[in-house]
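Sequence order for the protein chains is A and B.
Here our numbering is used: the first residue of the first sequence is 280, the next is one more, and so on.
Here our numbering is used: the first residue of the second sequence is -4, the next is one more, and so on.
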Amino acid sequence: MTHPEHLKYTASHEWVRIEADGTLTVGITEHAQDALGDLVFIELPAVGRKLAADEACVVVESVKAASDVYAPVAGEVVAVNEALVAAPASVNQDPYAAWLFRLKAAAGFDPGKLLDAAAYEKGLA
Amino acid sequence: MHKTPLHSAHLEASARLVDFAGWEMPLHYGSQLEEHHAVRRGAGMFDTSHMLAIDIEGAQAREFLRGALANDVARLTKPGKALYSCLLREDGGVLDDLIVYFLRADLFRVIVNAGTADKDFAWLEGLRARHAPQLALRPRRDLAMIAVQGPQARAKTWQALPALKAASEPLGAFFGAQAGETFVARTGYTGEDGFELLLPAPRAPEAWQRLAAAGVRPCGLGARDTLRLEAGMNLYGQDMDQTVTPLEAGLAWTVALEDARDFVGKAALLSKKNVRELAGLVLLGRGGVLRAHQKVHAASGMGEITSGGFSPTLERSIALARLPAGCAPGERVQVEVRDKRLDALIVKPPFVRHGKSLIPQTSSGAPR
């Protein structure tokens, strides 16, 4: 399974892990990294930035092209994975370990709106 | 979609295939970056069978090509010698760029790009009918092409295909020779040493497998593009096309204008004032990646990137850009990258040659 069962997903190819403290860790899926090809540049949002749902907040550039990564839900950025800036290829090597940013979801967050692995993969077919 | 004689080999190697000018070709076989490094550090190979060889045979072959090409095949005095040239329209616009080999007094071979092959052939046929009707032009779709490139390319080619060694070991750069059924040329599109092999299509899969077994890494179009960009080589359709002249594409060195010879496009080149030129750019800092079509702000006016990307060898972004004439290496420009303007330095291509950086060290380590 290239899209683990314990994670949630978006149709725009982010994965989301709901942490014990309620924050959301966000990365891009195996499908996304494979389609992008080798990543060579990542621009992360500022910690503290408030994001609307589906707002573009990360730029990932591969050998092929630039792409946006979107906020899966509305919220505030509470942490970013700075190590990726110097090592963008870590996302290709393990997209689920190489998280991009962590969000504190705004009030009214409904996890039910995110996709489970089966629904995400169905969307890829 | 067209398939090359090596298509099955690409499928077996799990290549990511893409449509390139109507041909289903490998983009990469897993990692474009690793394929790039294999060519800079060891040996890689490319299926270039989508390109077209055209043989030009007859007593007037040399005179015909002297009129058809912007570079002068009179420069080819030794059999086997190759020359890079543009094929121009009457208005000086670039129809294609190509390599021409002098094989015999009555036989030359040109190799043209896949996307322009049909157009080129029709153009050359038109010139032939008018100027040299006795000449024969033969498209060689019966030949496959494999480019083996990298510092170890020649040694590994001889290891995999020992029958080629005797004929190809004495070859200097930009020379080719026939070795049995295979034409071997010491040419390429990567800025590294190596060979380009033209062989009968049915023989190509076995040659490819033997090269792979000798440690030559299959490489796709992705790595081919970053390698040629580092080598400062134009890609037809991207860095030049019918709307620019070779003089505006950094190719003045390939146009023989000084002598009495006439060729298609010469009058136009002599009459036009060149207001644009092609330059290299190196991104300062790490604010993004230079890409084709980004706008460039130079002191003397606006320009545009024609090819850009991340250089795996230099670990920074580089580009070719068409800028107002008069921009000089060392000058700083700004490039519109998404919503930002990033500083870049004008440099003289190539960026990398034989695995070594050729760009000024002063530009490294700029702040983000």
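Think of the CB as a built atom: it goes at the ideal place given N, C-alpha and C, for glycine as much as any other residue.
Host beta strand (DSSP E) of residue i (start-end)
i: F305/B; result: 296 to 306
i: F178/B; result: 177 to 180
i: A14/B; result: First, the amino acid is wrong: residue 14/B is Asp here, not Ala. D14/B -> beta strand (DSSP E) spans 11 to 15.
i: D338/B; result: 335 to 342
i: D42/B; result: 39 to 42
i: Y173/B; result: Rather than Tyr, the amino acid found at residue 173/B in this sequence is Gln. Taken as a continuous stretch (DSSP letters only), the beta strand (DSSP E) holding Q173/B covers 171 to 174.
i: V364/A; result: Taken as a continuous stretch (DSSP letters only), V364/A belongs to no beta strand (DSSP E), being part of the alpha helix (DSSP H) at 362 to 365.
i: F320/A; result: 318 to 322
i: A255/B; result: It is not in any beta strand (DSSP E) - A255/B carries neither H nor E in the DSSP assignment.
i: L132/B; result: 131 to 134
For residue i, the three-state DSSP class (helix, strand or coil)
i: H292/B; result: strand
i: Y231/B; result: strand
i: S359/B; result: Unreliable placement is indicated for S359/B, whose pLDDT of 46 sits below 50; the coordinate value is still reported in the next sentence. The answer is coil: DSSP assigns S359/B none of H, G, I, E or B.
i: E284/A; result: coil
i: K329/A; result: strand
i: E243/B; result: helix
i: Y399/A; result: helix
i: L198/B; result: One point to set straight first is that residue 198/B is Arg, not Leu, in the sequence displayed. Here R198/B sits in helix by DSSP.
i: T249/B; result: helix
i: L159/B; result: helix
i: W378/A; result: coil
i: E209/B; result: Correcting the residue identity first, residue 209/B is Ala in this sequence and not Glu. It is coil, neither helix nor strand.
i: Q144/B; result: strand
i: A404/A; result: coil
i: V330/B; result: strand
i: H45/B; result: coil
i: L166/B; result: coil
i: E120/B; result: helix
Pick from the options that is closest to residue i, judged by C-alpha positions
i: G88/B; options: I354/B, F258/B, R219/B; result: F258/B
i: L265/B; options: V143/B, D254/B, R198/B, G275/B; result: D254/B
i: V362/A; options: K343/A, F380/A, S341/A; result: Checking the sequence, you will find Ala at residue 362/A rather than Val. Among K343/A, F380/A, S341/A, the Cα nearest to that of A362/A is on F380/A.
i: E58/B; options: R219/B, A38/B, H126/B; result: H126/B
i: A353/A; options: K401/A, G402/A, R328/A, A404/A; result: R328/A
i: E243/B; options: A158/B, S26/B, L315/B; result: L315/B
i: E7/B; options: G25/B, F15/B, R219/B; result: G25/B
i: L276/B; options: F305/B, D42/B, R70/B; result: F305/B
i: G186/B; options: E85/B, F346/B, D113/B; result: F346/B
i: Y375/A; options: T304/A, V356/A, T289/A; result: T304/A
i: K392/A; options: H282/A, H285/A, T289/A, D313/A; result: T289/A
i: Q289/B; options: A344/A, R296/A, D300/A, A299/A; result: A344/A
i: G232/B; options: R99/B, R223/B, P324/B, T111/B; result: T111/B
i: S352/B; options: E164/B, A139/B, S3/B, E225/B; result: E225/B
i: P157/B; options: G17/B, T177/B, M140/B, A100/B; result: T177/B
i: T234/B; options: E272/B, A262/B, S312/B; result: What sits at residue 234/B in the sequence shown is Asp, not Thr. That would be E272/B, whose Cα lies nearest to the Cα of D234/B.
i: A366/A; options: V357/A, V356/A, A377/A, A358/A; result: A377/A
N- and C-terminal bounds of the alpha helix (DSSP H) containing residue i
i: F59/B; result: 56 to 63
i: T221/B; result: 216 to 225
i: R36/B; result: 27 to 36
i: E7/B; result: 2 to 7
i: T152/B; result: 148 to 155
i: E19/B; result: No alpha helix (DSSP H) holds E19/B; the beta strand (DSSP E) holding it covers 18 to 23.
i: S291/A; result: Premise fails: S291/A is in no alpha helix (DSSP H) and is neither H nor E.
i: V356/A; result: Premise fails: V356/A lies in the beta strand (DSSP E), 354 to 359, not in any alpha helix (DSSP H).
i: A385/A; result: That residue, A385/A, is in no alpha helix (DSSP H); it is neither H nor E in DSSP.
i: Q237/B; result: Premise fails: Q237/B is in no alpha helix (DSSP H) and is neither H nor E.
i: V370/A; result: 369 to 372
i: L315/A; result: 309 to 315
In DSSP terms, what residue i is bridged to
i: F103/B; result: I51/B, F97/B
i: D347/A; result: V338/A
i: C322/B; result: None, per the DSSP bridge assignment.
i: K114/B; result: Per DSSP, none; premise fails for K114/B.
i: I313/B; result: V277/B, G304/B
i: S399/B; result: Look at the range of chain B in this structure, -4 to 363, and you will see that residue 399/B is not part of it.
i: K351/B; result: R348/B
i: R84/B; result: According to DSSP, R84/B bridges with nothing at all.
i: D92/B; result: C81/B
i: G189/B; result: Q144/B
i: A139/B; result: L194/B
(message) Would you call the stretch 97 to 107 of chain B in contact with the stretch 19 to 34 of chain B, where contact means no fewer than 3 C-beta pairs closer than 8 angstroms?
(response) Using a Cβ-Cβ distance cut-off of 8 angstroms, the stretch 97 to 107 of chain B and the stretch 19 to 34 of chain B are not in contact, since fewer than three pairs of beta carbons, one from each stretch, lie closer than that value.
(message) Does the stretch 130 to 143 of chain B come into contact with the stretch 48 to 55 of chain B, if we say contact requires no fewer than three beta-carbon pairs (one atom in each stretch) closer than 8 angstroms?
(response) Yes, the stretch 130 to 143 of chain B is in contact with the stretch 48 to 55 of chain B.
(request) Please confirm if the stretch 64 to 78 of chain B is in contact with the stretch 113 to 127 of chain B, defined as three or more CB-CB distances below 8 angstroms between the two stretches. (result) Taking 8 angstroms as the limit for Cβ pairs, the verdict is that the stretch 113 to 127 of chain B does not touch the stretch 64 to 78 of chain B.
(message) Can you confirm whether the stretch 198 to 216 of chain B touches the stretch 308 to 322 of chain A when touching is taken to mean that 3 or more C-beta pairs between the two stretches lie within less than 8 angstroms?
(response) Output reads no: the stretch 198 to 216 of chain B does not touch the stretch 308 to 322 of chain A.
(message) I'd like to know if the stretch 9 to 24 of chain B and the stretch 178 to 198 of chain B are in contact, where contact means that at least 3 CB-CB pairs between them fall below 8 angstroms.
(response) Contact fails: fewer than three Cβ-Cβ distances are below 8 angstroms.
(request) Count the C-beta pairs between the stretch 154 to 171 of chain B and the stretch 68 to 88 of chain B that are closer than 8 angstroms, then say yes if the count reaches three, no if not. (result) Yes, the stretch 154 to 171 of chain B touches the stretch 68 to 88 of chain B.
(message) Whether or not the stretch 189 to 199 of chain B and the stretch 140 to 155 of chain B are in contact is what I'm after, with contact meaning three or more pairs of Cβ atoms, one per stretch, closer than 8 angstroms; do they touch?
(response) The answer is yes - the stretch 189 to 199 of chain B touches the stretch 140 to 155 of chain B, with three or more Cβ pairs under 8 angstroms.
(message) Measuring CB atoms only, is the stretch 115 to 122 of chain B touching the stretch 151 to 162 of chain B, in the sense that at least three cross pairs come out at less than 8 angstroms?
(response) At 8 angstroms Cβ cutoff, the stretches do not touch.
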